[in-house]
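Everything below concerns the one structure shown next.
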Amino acid sequence: MTLSKLSETLFLSETSIRRIILKINTYFKSKKLPISIHLTTKPKIIGDEIFIRHFFCSMFRELYPPQHLPHFEHLFEILKRYYEKSNSATDISTYKLILNSYYFYISLIRIGHHHLVEVSPTENCSTTSIFFDLLQKNTVLCSIIEKNYQCKITRAAIQDIIQSGIYLFENRADNHKKNEWDQLHTLAQRFYTQLNIIAPLSTEEKQQLQDFLHFNQELQSFKTTYIEILSDLLIKHSPKLLVAYDTAIEEAGLTNIKKNHFLYEELLLELITLSPQLLATLFPHKAHFSILIISYQEERILSFYKQLLLKKLPALHSIDTYKGNIFKLDYQEINQYDLILTDIELNKSRITTQMLKISKVPISSFWNNLEEILYT
0 MTLSKLSETL
10 FLSETSIRRI
20 ILKINTYFKS
30 KKLPISIHLT
40 TKPKIIGDEI
50 FIRHFFCSMF
60 RELYPPQHLP
70 HFEHLFEILK
80 RYYEKSNSAT
90 DISTYKLILN
100 SYYFYISLIR
110 IGHHHLVEVS
120 PTENCSTTSI
130 FFDLLQKNTV
140 LCSIIEKNYQ
150 CKITRAAIQD
160 IIQSGIYLFE
170 NRADNHKKNE
180 WDQLHTLAQR
190 FYTQLNIIAP
200 LSTEEKQQLQ
210 DFLHFNQELQ
220 SFKTTYIEIL
230 SDLLIKHSPK
240 LLVAYDTAIE
250 EAGLTNIKKN
260 HFLYEELLLE
270 LITLSPQLLA
280 TLFPHKAHFS
290 ILIISYQEER
300 ILSFYKQLLL
310 KKLPALHSID
320 TYKGNIFKLD
330 YQEINQYDLI
340 LTDIELNKSR
350 ITTQMLKISK
360 VPISSFWNNL
370 EEILYT
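Mind the numbering: the sequence shown is residues 0 to 375 in numbering that gives the first Met the number 0, read in order.
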């Protein structure tokens, strides 16, 4: 699309578009990303072609839920049939097939605009043949690709997609890469040890970790960052988590992981989910947790509090309101509960359980304090 056509489509002047492109390029440069928009009569996206494809994959993942991605059903089905026929990964997950579908789609667009990746003609011949034969038989998909994206289905085009995907198609890592295997072992061991997690990873789990690294190492994040979400959910309650992770990365000699924010965040999630012991530590299950509300407020206000608590924290075992004389409290009864919510002055010397002050309507600090008591 020419600059003038783009101007008409966006209802912006060419000067405005040039200014926007300049800002985008400045952002790419500030982030040291190997990508830029070259402005001639037709704006072109240039740079590291593999990075560009993965970058746009991440953008499209945020723009389109899988089933809203153009031609998703066709793309997903052909990839699924390929994996079934090639047996390259019998345990391929739906998640990986979905990511491959995005990559496949972006690659078709890029190849159709003559943006190619240098590939070795001698590599992955059998893989190329299997995928090429399957795709050729799907005349509907071939017709869509050629008509909409000007991408002719040739062996060279398929080889470009497969080789540039790097572990998207051949996703199982070889555990004979001993140096990397040892580094990942050190990373996991140091991470869990610092968090007092004793159970070591099995050989199968280590292989899973290596497969994960290979599959995700080229993927990019576009906008969403999970560290902020994790910070609210986990890290503020377990500040050692991120410290242990960063230290383990350094000691394992895998500092390159930090250069890819997506990989950095995803690997932390993988390490957390690989250890049931760590998950139990981060999300302790309290089979029995009881709360007693002692307040001057009317019964309807106390009922309101109770309903709010049950709605927000449905796993709570019991929530009672104190029925006795609040001016002559029975501390023996009170201390049978795990937590007391109150707006009156209690004799702290006689309280052996936890206590939290309340107001007429719970505010954000109340919920934060309550969660801290429940989950730490």
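C-beta atoms are modelled at their ideal positions from N, C-alpha and C, and glycine is treated no differently.
*Contacting residues, own chain, Cβ-Cβ under 7 Å from Ile248 (five flanking each side not counted)*: Leu186, Thr254, Ile256 and Lys257
*How many angstroms separate the CA atom of Tyr321 from the CA atom of Ser294?*
8 Å
*To the nearest angstrom, report how far apart His260 and Leu270 are at their CA atoms.*
16 Å
*Residues near Arg60 in its chain [Cβ-Cβ closer than 7 Å; skip 5 each side]*: Tyr101
*Check whether the segment 4-11 touches the segment 22-32, counting contact only when three or more Cβ pairs, one atom from each stretch, lie closer than 8 Å.*
no
_So, for Ile129: in the same chain, excluding its five sequence neighbours on each side, which residues have a beta-carbon less than 8 Å away from its beta-carbon?_
Tyr81, Lys84 and Ser85
_Between the CA atoms of Leu134 and His73 - distance to the nearest angstrom_ = 10 Å
*Note down, in chain order, each residue of its chain lying with its Cβ closer than 6 Å to the Cβ of Leu208, except the 5 sequence neighbours on either side.*
Leu183
*asked:* For Phe365, would you say it is in contact with chain C, using Cβ-to-Cβ distances shorter than 7 Å as the test?
replied: In the displayed structure, chain C is absent; only one protein chain is listed.
*Out of Lys30, Leu38, Pro33 and Met0, point me to the one whose CA is closest to Arg18's CA.*
Leu38
*For Val116 versus Asp47, is the C-beta distance shorter than 7 Å?*
no
*Report the rounded CA-to-CA distance for Tyr336 versus Lys28, giving the unit in angstroms.*
58 Å
*Starting from Leu308, follow the alpha helix (DSSP H) in both directions and report where the run begins and ends.*
Glu298 to Lys311
*Quick one: Cα of Asp329 to Cα of Met354, how far?*
15 Å
*Give the straight-line distance between the Cα atoms of Leu98 and Leu200, rounded to the nearest whole angstrom.*
27 Å
*Would the beta-carbon of Ile339 fall within 7 Å of that of Leu291?*
yes
*With a CB to CB cut of under 7 Å and the five nearest residues on each side skipped, what residues in its chain are close to Ser289?*
His316, Ser317, Tyr336 and Asp337
*Nearest candidate by alpha-carbon position, reference Glu204, set Thr1, Gln188 and Tyr263*: Gln188
*What's the C-alpha gap between Ile45 and Met0?*
15 Å
_CA nearest to the CA of Thr138, picked from Ile77, Glu179 and Arg109_ = Ile77
_Minimum C-alpha distance to Leu240 - residue among Gly252, Glu264 and Ala198_ = Glu264
*Is the CB-CB distance between Ala243 and Leu194 below 7 Å?*
yes
*asked:* Can you list, in chain order, the residues of its chain with a C-beta nearer than 6 Å to that of Ala172? Leave out the 5 residues immediately preceding and following it.
replied: With a pLDDT of 45 at Ala172, under the threshold of 50, the predicted position of this residue should be treated as unreliable, though the coordinate-derived value follows. Excluding sequence neighbours, Ala172 sits near Gln209, Asp210 and His213.
_Between which two residues does the beta strand (DSSP E) holding Met58 run?_
Careful: Met58 lies outside any beta strand (DSSP E), inside the alpha helix (DSSP H) at Glu48 to Leu62.
*In or out: Gln162 buried (at least 16 other Cβ within 10 Å) or exposed?*
buried
_Ala155 beta carbon less than 7 Å from that of Ile110_ = no
_Bridge-paired residues (DSSP) for Gln353_ = Leu338
_Length of the line joining the Cα atoms of Asn346 and Leu308_ = 25 Å
*Considering only residues of the same chain and omitting the five flanking positions on each side of Lys79, which have a CB-CB separation below 7 Å?*
Leu96
*Distance CB(Ile196)-CB(Gln306) smaller than 7 Å*: no
*asked:* Let's see if you can read the secondary structure: which residues bound the alpha helix (DSSP H) around Asp210?
replied: Thr202 to Asn215
*So, Gln206 versus Leu262, is the Cβ gap smaller than 7 Å?*
no
*Which word fits Ile362, buried or exposed, when buried means at least 16 other C-beta atoms lie within 10 angstroms of its C-beta?*
exposed
_Beta-carbon within less than 7 Å of Asn174's beta-carbon, same chain only, minus the 5 sequence neighbours each way: which residues are those?_
Any answer about Asn174 is weak, because its pLDDT of 45 lies below 50 and its placement is not dependable; what the coordinates show is given next. Excluding positions up to five away in sequence, the list reads Trp180, Gln206 and Gln209.
*Taking DSSP as the reference, what is the three-state secondary structure of Ser92?*
coil
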